[in-house]
């Protein structure tokens with residue numbers, strides 16, 4: 001059984017581990033599992049602690065540092081979620097696969113950075129299937145699809161009447177009727193599922209090593225501040241801060257795999273300056289932190305008279321955040337540059353907030369530009385760790401793309417009878433649950449930070465295997481792809 005404990009309560013010989021992984025979220029956990037399947041002894045270091053069933057995301061994250069944004073305010077979100085299991089503990093379980101167009105987006109988009117991934121969809125295919133089996137994603141491997149909600153049915157009807165094809169969202173949630181299925185205890189987003197019906201790192205036992213030839217140990221309460229580099233571009237140790245005891249500790253490493261999220265992974269590389277890496281690890285070409293991508297997104301809310309749509313559809317919502325979507329405009333001639341994204345049902349966080357309202361989310365991958373980046377600020381937090389600062393703005397093309405999707409979402413809401421539509425102010429530039437692109441992957445060190453298997457150019461035992469290696473953010477929710485790509489890279493690790 002996997003050992004999960006606070007690092008202050010453990011005493012072990014770290015030299016016995018074959019690999020040390022920074023971050024226990026979806027990428028770090030699947031890398032740990034994959035290496036343990038190969039017989040490795042793995043240590044996973046996590047800053048956040050264990051979260052309780054039913055815990056809400058916003059109050060949980062309040063204890064962790066913010067980032068400076070382009071406005072100068074400290075309102076940026078440099079974490080998806082800081083806890084054992086990462087953001088997957090709180091996510092909405094939307095688990096799309098990416099498409100080949102997401103991996104070769106240069107046919108639609110032109111920027112000053114490499115947009116295409118150095119792999120194809122075929123390279124991800126077997127790992128997608130393995131993740132679908134592990135998470136029990138509806139509609140795959142014999143797992144029942146989650147049925148459309150009353151609002152989802154109403155939206156599907158409106159889409160069809162407009163000639164737009166609706167589809168069921170692939171959800172990593174056990175359907176009602178399963179003995180372990182969803183009981184619709186709340187509006188299911190930004191909270192830890194109290195029944196484990198919704199997949200997560202802990203709910204699906206991704207870190208459980210009891211039937212694996214290797215071993216996994218998880219140590220939380222540990223912030224990895226920097227990587228110590230020796231001769232020959234080899235990582236020798238991690239300098240870690242333990243907040244509970246206010247100690248700096250040194251953890252020796254055989255190899256490290258950084259899976260801290262696209263913001264924290266790049267920040268760790270930038271903090272790790274030394275005589276062997278004067279600009280930070282992997283940063284000889286000034287690329288670490290650049291190409292920061294949050295996705296472009298927005299929400300439209302339609303106010304609807306229950307008498308026109310049925311009282312059930314307009315009542316409180318209990319169950320998944322989303323059940324129905326359309327990909328009609330993913331690649332479409334009417335979209336600016338012909339490359340759009342998704343529109344899907346997006347219920348509010350609290351059941352009662354949904355009364356009389358229908359909400360749609362629209363989402364697309366943002367163009368990666370070198371001026372969109374994170375840097376380390378001169379100011380530091382109470383532990384002496386530099387704050388992160390985002391420098392981020394969207395291109396006119398991105399604004400036109402998301403504007404097109406917003407207009408189509410409004411069309412759907414108007415058609416189902418909305419008498420008023422409001423667009424929520426966009427907040428994606430402050431960071432979000434979709435973080436990508438700061439440690440670019442490729443063959444050429446002049447235009448990339450890591451190779452196609454995640455190894456940092458010029459360093460012998462440092463790997464990055466999270467969303468930061470995604471050259472284009474993709475036009476759909478990334479968790480499934482982050483996990484599949486992390487497994488692909490971990491399988492190649494010798």
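In full-length UniProt numbering, the protein residues as written are 1 to 494.
Glycine included, every Cβ here is placed at the ideal spot set by N, Cα and C.
| query | result |
| --- | --- |
| Neighbourhood of residue 240 by C-beta, 8 Å cutoff - its chain only, sequence neighbours within 5 removed | 7, 45, 222, 223, 224, 225, 248, 249, 250 and 251 |
| Residue 295 versus 258, 361 and 276, residue with shortest Cα-Cα distance | 361 |
| Among 234, 481, 15 and 47, nearest to residue 23 - alpha-carbon criterion | 47 |
| Any 3 or more C-beta pairs closer than 8 Å across the stretch 388-405 and the stretch 422-437 | yes |
| Beta-carbon contacts of residue 321 that lie in its chain and below 6 Å, excluding the five residues immediately before and after | 92, 188, 189 and 347 |
| Stretch-stretch touch, CB-based, cutoff 8 Å, three pairs: the stretch 257-275 with the stretch 466-478 | yes |
| Run of the alpha helix (DSSP H) containing residue 397, from where it starts to where it stops | 396-415 |
| Same chain only: Cβ atoms within 8 Å of residue 37, ignoring 5 sequence neighbours per side | 212, 213 and 214 |
| Alpha helix (DSSP H) segment containing residue 484, residue limits | 479-492 |
| Assumed close pair residue 89, residue 192 - CB separation to whole angstroms, cut-off 8 Å | 5 Å |
| Beta-carbon gap between residue 172 and residue 182 smaller than 8 Å | no |
| Same chain only: Cβ atoms within 8 Å of residue 447, ignoring 5 sequence neighbours per side | 113, 114, 285, 287 and 440 |
| Cα-Cα separation between residue 30 and residue 290, rounded to whole angstroms | 26 Å |
| Cβ neighbour criterion (16 or more within 10 Å) applied to residue 141 | exposed |
| Nearest neighbour of residue 149, chosen from 337, 455, 131 and 168 [CA to CA] | 168 |
| DSSP state of residue 461 mapped onto helix, strand, coil | coil |
| Cut-off 6 Å between Cβ atoms - residues of its own chain near residue 14, not counting five sequence neighbours on either side | 251 and 252 |
| Residues of its chain near residue 318, where Cβ-Cβ distance is below 6 Å and the 5 sequence neighbours each way are ignored | 184 and 351 |
| Per-residue DSSP class, three states only, for residue 161 | helix |
| Whether residue 358 touches residue 165 by CB criterion (8 Å) | no |
| Residues that residue 363 bridges to, as DSSP identifies them | 297 and 342 |
| The stretch 480-489 contacting the stretch 125-137, beta-carbon criterion three pairs below 8 Å | yes |
| Strand pairing of residue 237, partner residues [DSSP] | 228 and 252 |
| Helix, strand or coil at residue 386 according to DSSP, with G and I counted as helix | strand |
| Per DSSP, the bridge partner or partners of residue 441 | 450 |
| Three-state class that DSSP yields for residue 420 in the structure shown | strand |
| Alpha-carbon spacing of residue 33 relative to residue 94, whole angstroms | 22 Å |
| Residue 199 and residue 412 closer than 8 Å at C-beta | no |
| Alpha-carbon to alpha-carbon, residue 354 and residue 420 | 15 Å |
| Reduced DSSP secondary structure (H/G/I, E/B, other) of residue 47 | coil |
| Environment of residue 87 [buried if 16+ CB atoms lie within 10 Å] | buried |
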